[in-house]
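Here's the structure, in structure tokens; my notes come after.
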Amino acid sequence: MHRARRDADAPSARRVRRVPRPRRPPRARARAAALAVLPALLLAAGCSSGSSGSTDADGGKGGGRSAAQASVDAGKAPLSVAQLSRALVTDHDVPGWVIEMTQTDDGTATTAPAGGFDPDDLGAQDDTSGSPVLVADKPECRPLADVSSSQPAIHRMASVGATFAEATPTAGEAPKEIDRMLIASHAPGDARKVMAAIKGALATCTAFEARDQNGTRTPFRVGKGPAVKVGDESVAYVMTDTADRKTGAALVTVVRTGDTVTSYLSTKTEGGAGQVPLEVARKEDRKLRAALAARK
């Protein structure tokens with residue numbers, strides 16, 4: 004299996020302690036397990052089966068959001084790194100899970116400013132320093148590569164990430180599944196554009212080759228994922244590294260909450276696509292919603 008800049012994305016040492024029912028696996032063991040199974044594209048692609056706008060794939064309302072959501076989105080500055088960090092789920096929020104914030108290659112969560120939103124000065128608020136760049140060989144597939152690229156077509160104003168897994172009942176036991184998440188804030192209206200671009204790509208893109216900043220090329224096949232009901236809109240899909248079909252598959256879930264987009268990558272430690280981490284995703288949606296509502 005091809006691996007692009009994997010070690011640099013290993014989780015940092017941040018963890019909120021609680022009194023757990025199950026015992027936690029040692030950090031080094033859990034990290035090694037995560038790195039051993041992460042597919043080449045950290046957050047990638049598949050066929051849409053989630054919601055569109057405020058309607059889920061099965062026709063239901065996505066999360067039951069009311070008209071009050073308009074006030075959350077309307078004309079307010081994107082969440083800063085500090086605000087995203089405070090909104091990131093912790094062990095206390097979801098008992099039974101081990102969560103560690105991750106960092107970018109240059110050792111920072113992102114370089115976007117903690118205050119002051121100037122949509123005409125994106126360079127000053129760029130969050131791409133030292134992070135992987137992924138380029139799809141097909142233009143129609145770019146939104147799928149952009150999910151994990153540091154230079155997406157639709158700019159991220161700030162972002163933070165985490166690696167997480169369910170706590171294991173036995174000390175030293177590796178978890179059955181490893182999940183990665185990236186929360187990104189966007190300029191007003193851009194989060195909707197991100198979701199529309201991904202869904203549009205999933206309608207036409209069934210396979211593509213991604214090239215990273217080192218020139219490494221990885222072929223991917225796009226597949227359908229489960230229906231997901233979380234956030235204002237969501238989509239899930241499966242992406243498989245066709246050069247490593249045994250262990251190179253991952254389930255990708257992308258959730259929009261107001262002007263934020265959270266992407267989840269789920270892989271089994273023994274290889275293959277994992278399941279949607281709904282408990283974590285729903286709690287993250289609630290925390291982001293509260294953070295967005297508290298903006299000035």
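Converting from the sequence shown to the working numbering requires adding 3 to each position, the first position being numbered 1.
For every residue, glycine included, the Cβ atom is placed at its ideal position computed from N, Cα and C.
Comparing alpha carbon positions, the residue from 176, 211, 103 closest to residue 146 is 211. In the pairwise beta carbon analysis, the stretch 247 to 267 is classified as touching the stretch 282 to 298: at least three pairs are separated by under 8 Å. Among the bridge pairs identified by DSSP, residue 212 is matched with 222. In the three-state DSSP reduction, residue 102 falls in the strand class (E or B). In summary, residue 95 is exposed, with fewer than 16 beta-carbon neighbours lying within 10 Å of its beta-carbon over all protein chains present.
Cβ-Cβ separation between residue 294 and residue 137: approximately 28 Å, too far for a contact (criterion under 8 Å). In the structure shown, the three-state DSSP call for residue 169 is strand. Closest by C-alpha distance to residue 149, out of 191, 198, 227, is 198. Scanning 194, 292, 291, 255 for the CA closest to the CA of residue 276 turns up 255. Note that the stretch 243 to 254 touches the stretch 216 to 229; at least 3 beta-carbon pairs, one per stretch, sit closer than 8 Å. Residue 79 and residue 176 have their C-alpha atoms some 45 Å from each other.
Selection 84, 219, 291 evaluated against residue 162 yields 84 as nearest (Cα-Cα). Taking the Cα of residue 191 as reference, the smallest distance to any Cα among 217, 262, 272, 173 is reached at 262. Rounded to the nearest whole angstrom, the C-alpha separation of residue 100 and residue 250 is 23 Å. In this structure, DSSP gives residue 183 an extended state, which the three-state scheme calls strand. Residue range 281 to 296 is occupied by the alpha helix (DSSP H) that includes residue 283. Counting along the chain, residue 197 sits inside no beta strand (DSSP E); it lies in the alpha helix (DSSP H) bounded by residues 193 to 207. CA-CA distance, residue 234 to residue 170, rounds to 25 Å. Shown here for residue 280: same chain residues with a beta carbon closer than 7 Å to its own, the five before and five after excluded, namely 182, 267, 269 in chain order.
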